[in-house]
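**Student:**
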Amino acid sequence: RLTACELELGARKQLIDALRRDAQARVVDLDGWMALPAFVPPNERRGLVLIDPPFEAKDEFERLARAFTEAFAKWPTGAYLLWYPVKTRRATDELARSVAAAAMSSRPAGKCLRLEFSVAPQEADAGLVSTGLLIVNPPWTLANELKIILPELEKPLGQGGAARFRLETPKA
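Quick note: the sequence shown uses the UniProt record's numbering, first residue 1, plus one each step.
1) Taking Thr-169 as the reference, which of Leu-50, Ala-143, Ala-162 has the closest Cα?
2) CA-CA distance, Thr-69 and Val-99?
3) With a threshold of 8 Å on Cβ separation, who are the neighbours of Ala-162 within its own chain once the five nearest residues in sequence on each side are excluded?
4) Name the residue from Pro-41, Lys-74, Leu-30, Val-40 whose alpha carbon lies nearest to the alpha carbon of Pro-53.
5) Quick one: complete alpha helix (DSSP H) runs, 4+ long, within the region 6 to 39?
6) In its own chain, which residues sit with a C-beta less than 6 Å from the C-beta of Gly-32, not counting the 5 before and 5 after it?
7) Answer yes or no: do Leu-134 and Ala-73 have a C-beta to C-beta separation smaller than 8 Å?
8) Determine the DSSP secondary structure at Phe-165, reduced to helix, strand or coil.
9) Can the beta-carbon of Thr-3 be found less than 8 Å from the beta-carbon of Phe-39?
10) How is the beta strand (DSSP E) around Leu-50 delimited, first residue to last?
11) Closer than 6 Å by C-beta to Arg-166: which residues in its own chain qualify, once you throw out the five before and the five after it? Chain order, please.
12) In chain order, what residues of the same chain have a beta carbon less than 6 Å from the beta carbon of Ala-79, not counting five sequence neighbours either side?
13) Could you check if Ala-11 belongs to the surroundings of the ligand FAD, using beta carbon to heavy atom distance under 7 Å?
14) Spell out the partners DSSP gives Gly-132 in its beta bridges.
15) Classify Ala-172 as helix, strand or coil using the three-state DSSP reduction.
16) Buried or exposed for Gly-10, please, with buried defined as at least 16 other CB atoms from any protein chain shown within 10 angstroms of its CB.
17) Looking at the unbroken alpha helix (DSSP H) that takes in Glu-60, where does it start and where does it end?
18) Could you tell me how far apart the beta carbons of Glu-152 and Arg-164 are, in whole angstroms, since I believe they sit closer than 8 Å?
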């Protein structure tokens with residue numbers, strides 16, 4: 001079962017078109033920030049929550065941390081995938097600490113992986129060249145698999161050989 005929340009009309013139409021053949025998928029015209037607490041926990045014991053905010057507001061990193069903490073408190077056994085742009089190291093480090101702290105506070109403690117991938121050096125006028133994922137309660141083999149896969153992606157995805165990745169367990 002998949003529920004995708006999208007407010008932007010063009011993106012929502014693309015999601016509807018991509019998912020139209022899947023009877024278990026639905027796309028709703030809802031603000032994901034408002035829908036997330038309503039949709040967790042799901043009826044299923046296991047599942048994945050993907051949070052991909054627009055990052056248009058200045059407080060999106062804080063909002064993402066708060067939304068995750070609230071959802072995780074209601075459903076600590078769920079897997080969560082939080083996407084973010086790497087804009088400033090301070091903001092991404094604080095987000096990782098907040099998410100890791102929330103995950104570690106559950107019993108049993110949740111696990112958290114931090115993955116960032118850059119296709120070019122970060123320069124003021126370069127645009128978005130680095131993105132990150134925080135993965136809470138990942139499959140137990142994922143970290144080892146990523147250690148094999150990510151180095152192989154650096155060469156084909158890097159611009160001028162400048163790709164790099166970061167894979168770690170963030171500290172709370």
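Where is the CB? At the ideal position from N, CA and C, for every residue including glycine.
**Tutor:** Reading it off the structure:
1) Translated into the one-based positions of the sequence shown, residue 169 becomes position 169. Nearest Cα to Thr-169 within the set Leu-50, Ala-143, Ala-162: Ala-143.
2) Reading the sequence shown from its first residue, position 69 is the one you call residue 69. Reading the sequence shown from its first residue, position 99 is the one you call residue 99. If you take the alpha carbons of Thr-69 and Val-99, they lie about 7 Å apart.
3) Translated into the one-based positions of the sequence shown, residue 162 becomes position 162. Sequence-distant Cβ neighbours of Ala-162 in its own chain, meaning closer than 8 Å and more than five residues away, are Ser-118, Val-119, Ala-120, Pro-121.
4) Here residue 53 corresponds to residue number 53 of the sequence shown, with the count starting at 1. The option with the nearest alpha carbon to Pro-53 is Leu-30.
5) 9 to 19, 32 to 39
6) One-based indexing of the sequence shown puts residue 32 at position 32. Excluding sequence neighbours, Gly-32 sits near Cys-5.
7) Taking the first residue of the sequence shown as position 1, residue 134 is located at position 134. Taking the first residue of the sequence shown as position 1, residue 73 is located at position 73. Result no, Cβ atoms of Leu-134 and Ala-73 do not sit closer than 8 Å.
8) Within the sequence shown, residue 165 is the residue found at index 165, counting from 1. Three-state result, Phe-165: strand.
9) If you number the sequence shown from 1, residue 3 lands on position 3. If you number the sequence shown from 1, residue 39 lands on position 39. Contact: yes.
10) Taking the sequence shown and counting its residues from 1, one reaches residue 50 at position 50. Element bounds for Leu-50: 48 to 51.
11) For the purposes of this step, residue 166 is taken as residue 166 along the sequence shown, with counting starting at 1. Same-chain partners within the cutoff: Glu-116.
12) Stepping through the sequence shown from its first residue, residue 79 is reached at position 79. Excluding residues within five positions, the ones whose Cβ falls inside 6 Å are Leu-48, Asn-137.
13) No copy of the ligand FAD occurs in the structure displayed, which carries no ligand at all.
14) Start at 1 with the first residue of the sequence shown, and residue 132 comes out as number 132. Its beta-bridge partners are Tyr-84, Glu-116.
15) Along the sequence shown, read from residue 1 onward, the residue named residue 172 stands at position 172. In the structure shown, Ala-172 adopts coil according to DSSP, grouped into three states.
16) Residue mapping note: residue 10 aligns to position 10 of the sequence shown, counting from 1. By the 10 Å Cβ count, Gly-10 comes out exposed.
17) The count along the sequence shown starts at 1 and reaches residue 60 at position 60. Start and end: 60 to 74.
18) In the sequence shown, counting from the first residue as 1, residue 152 sits at position 152. In the sequence shown, counting from the first residue as 1, residue 164 sits at position 164. Actually they do not touch by this definition, with Cβ atoms about 13 Å apart.
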